[in-house]
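Protein chains: 2
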Amino acid sequence: MQAAIVLLSGGLDSATTLAIARSEGYACHCLSIDYGQRHRAELNAARRIADAFGAVEHRVTAVDLAGFGGSALTDAEIDVPVDGLRPGIPVTYVPARNTIFLSLALAFAEVRGSRDIFFGANAVDYSGYPDCRPEYMRAFEALANVATKAAIEGHRLTLHTPIIALTKADIIRRGSDLGVEYALTVSCYQATDDGRACGRCDSCRLRRDGFKVAGVVDPTCYA
Amino acid sequence: MQAAIVLLSGGLDSATTLAIARSEGYACHCLSIDYGQRHRAELNAARRIADAFGAVEHRVTAVDLAGFGGSALTDAEIDVPVDGLRPGIPVTYVPARNTIFLSLALAFAEVRGSRDIFFGANAVDYSGYPDCRPEYMRAFEALANVATKAAIEGHRLTLHTPIIALTKADIIRRGSDLGVEYALTVSCYQATDDGRACGRCDSCRLRRDGFKVAGVVDPTCYA
Numbered sequence: 001m002q003a004a005i006v007l008l009s010g011g012l013d014s015a016t017t018l019a020i021a022r023s024e025g026y027a028c029h030c031l032s033i034d035y036g037q038r039h040r041a042e043l044n045a046a047r048r049i050a051d052a053f054g055a056v057e058h059r060v061t062a063v064d065l066a067g068f069g070g071s072a073l074t075d076a077e078i079d080v081p082v083d084g085l086r087p088g089i090p091v092t093y094v095p096a097r098n099t100i101f102l103s104l105a106l107a108f109a110e111v112r113g114s115r116d117i118f119f120g121a122n123a124v125d126y127s128g129y130p131d132c133r134p135e136y137m138r139a140f141e142a143l144a145n146v147a148t149k150a151a152i153e154g155h156r157l158t159l160h161t162p163i164i165a166l167t168k169a170d171i172i173r174r175g176s177d178l179g180v181e182y183a184l185t186v187s188c189y190q191a192t193d194d195g196r197a198c199g200r201c202d203s204c205r206l207r208r209d210g211f212k213v214a215g216v217v218d219p220t221c222y223a
Numbered sequence: 224m225q226a227a228i229v230l231l232s233g234g235l236d237s238a239t240t241l242a243i244a245r246s247e248g249y250a251c252h253c254l255s256i257d258y259g260q261r262h263r264a265e266l267n268a269a270r271r272i273a274d275a276f277g278a279v280e281h282r283v284t285a286v287d288l289a290g291f292g293g294s295a296l297t298d299a300e301i302d303v304p305v306d307g308l309r310p311g312i313p314v315t316y317v318p319a320r321n322t323i324f325l326s327l328a329l330a331f332a333e334v335r336g337s338r339d340i341f342f343g344a345n346a347v348d349y350s351g352y353p354d355c356r357p358e359y360m361r362a363f364e365a366l367a368n369v370a371t372k373a374a375i376e377g378h379r380l381t382l383h384t385p386i387i388a389l390t391k392a393d394i395i396r397r398g399s400d401l402g403v404e405y406a407l408t409v410s411c412y413q414a415t416d417d418g419r420a421c422g423r424c425d426s427c428r429l430r431r432d433g434f435k436v437a438g439v440v441d442p443t444c445y446a
């Protein structure tokens, strides 16, 4: 089995991405990032999901993004919006977060001899983040292919983003077909530490609408 | 004054790069990364250099690369080579290190509203690292310019690598002209915690030869 690195946040999208990577036969090395997010529920969920899908390993790497501030997800002084999606990039955007996460995944891939990174970015039912767009993914893959010793030695790295063009409902249908237990996942931007969702932030709204449109029972535990 | 982010390792190259950024009139926000390197002398040196050059601030951000392993600079079980430079990429290469450092600099730039990152990479008298080459720098700049909210809003980010094409001797001459006190810098891969250099690793050899060729007295404190 080929080794793949799977970035696992603990949310619905990355859990589905892990299920897809497993269904394609990869031995999955999961990576979660402890970046100073508001709550611990995400990382706990990531651990449960990695276990449920028979990941080879699950590594949690710490990086202090809260020290930079500038986002509602890392700075307790900035409120998470709960009034619905608005035009523009919301305050839940974390500066350069995906670039940091992918660069850590790239390091992990090189150490494990993996040429495949799976990343659950989505550019359809999303919050308008710049680093979720297909052109961003292409630019990162181009960078990865000049950045490493493996690249110089001729091993091409592929950045897989299997759900980037799916609607939230399609992601949920796909994951349900693959046996993802969405009760294990936490999407809420301000979940309680034991994983209950606020039901009002952008991420909760997108998730709830997704279950509704998919015709799948929403197993989310709301606070 | 325009704000610039300057990645500061504590070594000769990044100290010179900071001096160049200051000479070009930037207000410098220095960023050092505590990534689990073998010794603390580097970060202490970075602090002294930032002070000496009147940096606006000096932030040290922690990221756990030692957990990944795979390099003599982060894994105490892998010896630092002391027999001179050989063909190929040495074991002191840290997987994806510069990608991780630059992505953190990108986050810092976005939070500080800066459009300029200064990075002291060098592709002449160097150890053959893939992520020190000009094509790597171009790929990162391209990524940065699709990655952020600032990019979407039309603010172009420039990655400055002012010493990338200089020899070590030319870097030292340039820095000396700008008043860099090289006694403050630590280049050794396995310096003692109080900053004394081994004199035998690749980095020490490149540095010592640089001073010799430049005709500048080597102020390095050897162990």
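Those protein sequence lines, which keep their order, are chains E and S.
As numbered in our numbering, the first sequence has no gaps in its residue numbers, which increase by one up to the final residue, 223.
As numbered in our numbering, the second sequence has no gaps in its residue numbers, which increase by one up to the final residue, 446.
Just so it is clear, CB atoms sit at the ideal spot from N, CA and C, and this is done for glycine as well.
Note that the coordinates shown come from a computational prediction; the quantities given were computed from them, not determined experimentally.
Listed by chain order, chain E residues near S:Val447 by CB distance under 8 Å: Nothing can be reported for residue 447 of chain S, as the shown portion of chain S is limited to 224 through 446.
Write down the C-beta distance between E:Val111 and S:Phe291 rounded to the nearest angstrom, noting that I regard them as a contact closer than 8 Å. If you number the first sequence from 1, residue 111 of chain E lands on position 111. If you number the second sequence from 1, residue 291 of chain S lands on position 68. So it is a contact: roughly 5 Å between Cβ atoms.
I'd like to know if S:Ile312 contacts chain E, where contact means its C-beta is closer than 7 Å to some C-beta of that chain. Counting from one through the second sequence, the residue named residue 312 of chain S turns up at place 89. Closer than 7 Å: yes.
Quick one: complete beta strand (DSSP E) runs, 3+ long, within the stretch 37-79 of chain E? 57-62
At 7 Å on the CB atoms, spell out the chain E contacts of S:Asp354, in chain order. Looking up residue 354 of chain S in the second sequence gives position 131. Here the neighbours are Ala147.
Give me, in chain order, the residues of the same chain whose beta-carbon lies closer than 7 Å to that of S:Val403; leave out the 5 immediate sequence neighbours on both sides. Position 180 of the second sequence, counted from the first residue, corresponds to residue 403 of chain S. Answer for S:Val403: Ala238, Thr239, Ala242, listed in chain order.
Note the first and the last residue of the continuous alpha helix (DSSP H) segment covering E:Asp177. Working through the first sequence from its first residue, we reach residue 177 of chain E at position 177. Run containing E:Asp177: 168-177, per the alpha helix (DSSP H) assignment.
Specify, as a first and last residue, the run of the alpha helix (DSSP H) that S:Ile243 falls within. Along the second sequence, one-based indexing puts residue 243 of chain S at 20. Where S:Ile243 is concerned, the enclosing alpha helix (DSSP H) stretches over 235-246.
So the candidates are S:Ala373, S:Ala370, S:Ser232; which of them puts its Cα closest to the Cα of S:Asn267? The count along the second sequence starts at 1 and reaches residue 267 of chain S at position 44. Minimum Cα distance to S:Asn267 is reached at S:Ser232.
What distance in whole Å lies between the Cβ atoms of E:Ser203 and E:Tyr189, which are believed to be in contact at a cut-off of 8 Å? Position 189 of the first sequence, counted from the first residue, corresponds to residue 189 of chain E. Position 203 of the first sequence, counted from the first residue, corresponds to residue 203 of chain E. Their Cβ separation, rounded to whole angstroms, is 5 Å, which keeps E:Tyr189 and E:Ser203 in contact under 8 Å.
At the level of alpha carbons, what is the spacing between E:Phe108 and S:Gly438? Here residue 108 of chain E refers to the residue found at position 108 when the first sequence is read from its first residue. Here residue 438 of chain S refers to the residue found at position 215 when the second sequence is read from its first residue. One C-alpha to the other measures close to 42 Å.
Are the C-beta atoms of S:Asp274 and some chain E residue less than 7 Å apart? Taking the second sequence and counting its residues from 1, one reaches residue 274 of chain S at position 51. Chain E, which has no Cβ nearer than 7 Å to the Cβ of S:Asp274, makes this no.
contact_flag[the stretch 377-397 of chain S, the stretch 340-347 of chain S] where n(CB pairs < 8 Å) is 3 or more: yes
Delimiting residues of the beta strand (DSSP E) encompassing E:Leu31: As a position in the first sequence, residue 31 of chain E is number 31, starting the count at 1. 27-34 is the extent of the beta strand (DSSP E) around E:Leu31.
Go ahead and pull the three-state DSSP assignment for S:Tyr359. Within the second sequence, residue 359 of chain S is the residue found at index 136, counting from 1. Helix, per DSSP.
Reduced DSSP secondary structure (H/G/I, E/B, other) of E:Leu8: Position 8 of the first sequence holds residue 8 of chain E. Reduced to three states, the DSSP call for E:Leu8 is coil.
So for E:Ile117, helix, strand or coil by DSSP? Your numbering for residue 117 of chain E matches position 117 in the first sequence. Correct three-state label for E:Ile117: strand.
For E:Ala151, write down the residues that DSSP places opposite it in a beta bridge. Indexing the first sequence from 1 puts residue 151 of chain E at position 151. Paired residues: none, contrary to the question.
Proximal residues of chain E, C-beta to C-beta of S:Ala365 below 8 Å: Your numbering for residue 365 of chain S matches position 142 in the second sequence. Correct list: Ala139, Ala142, Leu143.
Please go through the same chain and pick out, in chain order, the residues whose beta-carbon is closer than 6 Å to the beta-carbon of E:Ala183, but skip the five residues on each side of it. The residue labelled residue 183 of chain E in the question sits at position 183 within the first sequence. The answer, listed in chain order, is Pro219.
Tell me where the beta strand (DSSP E) around S:Leu327 begins and ends. Here the question's residue 327 of chain S lines up with position 104 in the second sequence. From DSSP, S:Leu327 is part of no beta strand (DSSP E) but of the alpha helix (DSSP H) over 320-335.
Let me know the secondary structure DSSP gives S:Ala420 once reduced to three states. Within the second sequence, the letter at position 197 stands for residue 420 of chain S. Of the three classes helix, strand and coil, the one that applies to S:Ala420 here is strand, per DSSP.
Quick one: is S:Arg397 buried, meaning 16 or more other Cβ sit within 10 Å of its Cβ, or exposed? The count along the second sequence starts at 1 and reaches residue 397 of chain S at position 174. The residue is buried, with at least 16 neighbouring Cβ atoms inside 10 Å.
Beta-carbon proximity check, E:Ala191 vs E:His39, cutoff 7 Å: Walking along the first sequence from the start, residue 191 of chain E turns up at place 191. Walking along the first sequence from the start, residue 39 of chain E turns up at place 39. Result yes, Cβ atoms of E:Ala191 and E:His39 sit closer than 7 Å.
So the beta strand (DSSP E) E:Leu206 belongs to, where does it begin and stop? Position 206 of the first sequence, counting from 1, holds the residue named residue 206 of chain E. Careful: E:Leu206 lies outside any beta strand (DSSP E), inside the alpha helix (DSSP H) at 202-214.
Mind pulling the chain E residues with CB within less than 9 Å of S:Glu358? The residue labelled residue 358 of chain S in the question sits at position 135 within the second sequence. Val146, listed in chain order.
Grouping DSSP H, G and I as helix and E and B as strand, with all else coil, what is S:Tyr405? Within the second sequence, residue 405 of chain S is the residue found at index 182, counting from 1. It is helical.
Against chain E, with Cβ distances strictly below 7 Å, would S:Phe331 count as a contact? As a working mapping, residue 331 of chain S is identified with position 108 in the second sequence. With 7 Å as the cut-off, S:Phe331 counts as an interface residue toward chain E.
What residues are listed by DSSP as bridge partners for E:Leu157? Residue mapping note: residue 157 of chain E aligns to position 157 of the first sequence, counting from 1. Its beta-bridge partners do not exist; DSSP assigns none.
Decide if E:Asp193 is buried, meaning its Cβ has at least 16 other Cβ atoms within 10 Å, or exposed. Counting from 1 along the first sequence, the entry for residue 193 of chain E is found at position 193. It counts as exposed.
Could you give the distance in angstroms between the alpha-carbon of S:Ser294 and the alpha-carbon of E:Cys198? The count along the second sequence starts at 1 and reaches residue 294 of chain S at position 71. The count along the first sequence starts at 1 and reaches residue 198 of chain E at position 198. So the alpha carbons of these two residues sit roughly 43 Å apart.
Chain S contact residues for E:Leu65, given Cβ-Cβ distances below 7 Å: Position 65 of the first sequence, counted from the start, is the residue given in the question as residue 65 of chain E. Under the 7 Å cutoff, chain S gives Ala330.
Please return the same chain residues whose Cβ sits closer than 7 Å to the Cβ of E:Pro134, not counting the five positions on each side in sequence. As a working mapping, residue 134 of chain E is identified with position 134 in the first sequence. Taken in chain order, the residues that qualify are Ala123, Ile164.
If I'm right that S:Ala227 touches S:Cys251 with Cβ under 8 Å, what's the distance once you round it to whole angstroms? By 1-based counting over the second sequence, the position of residue 227 of chain S is 4. By 1-based counting over the second sequence, the position of residue 251 of chain S is 28. With 8 Å as the limit, S:Ala227 and S:Cys251 qualify as a contact, their Cβ atoms being about 6 Å apart.
Does E:Ile100 get closer than 7 Å to chain S when you measure Cβ to Cβ? By one-based count along the first sequence, residue 100 of chain E stands at place 100. Judged by the 7 Å Cβ criterion, E:Ile100 is in contact with chain S.
Reference E:Gly195; option with closest CA among E:Met1, E:Gln2, E:Gly11: Here residue 195 of chain E refers to the residue found at position 195 when the first sequence is read from its first residue. Among E:Met1, E:Gln2, E:Gly11, the Cα nearest to that of E:Gly195 is on E:Gly11.
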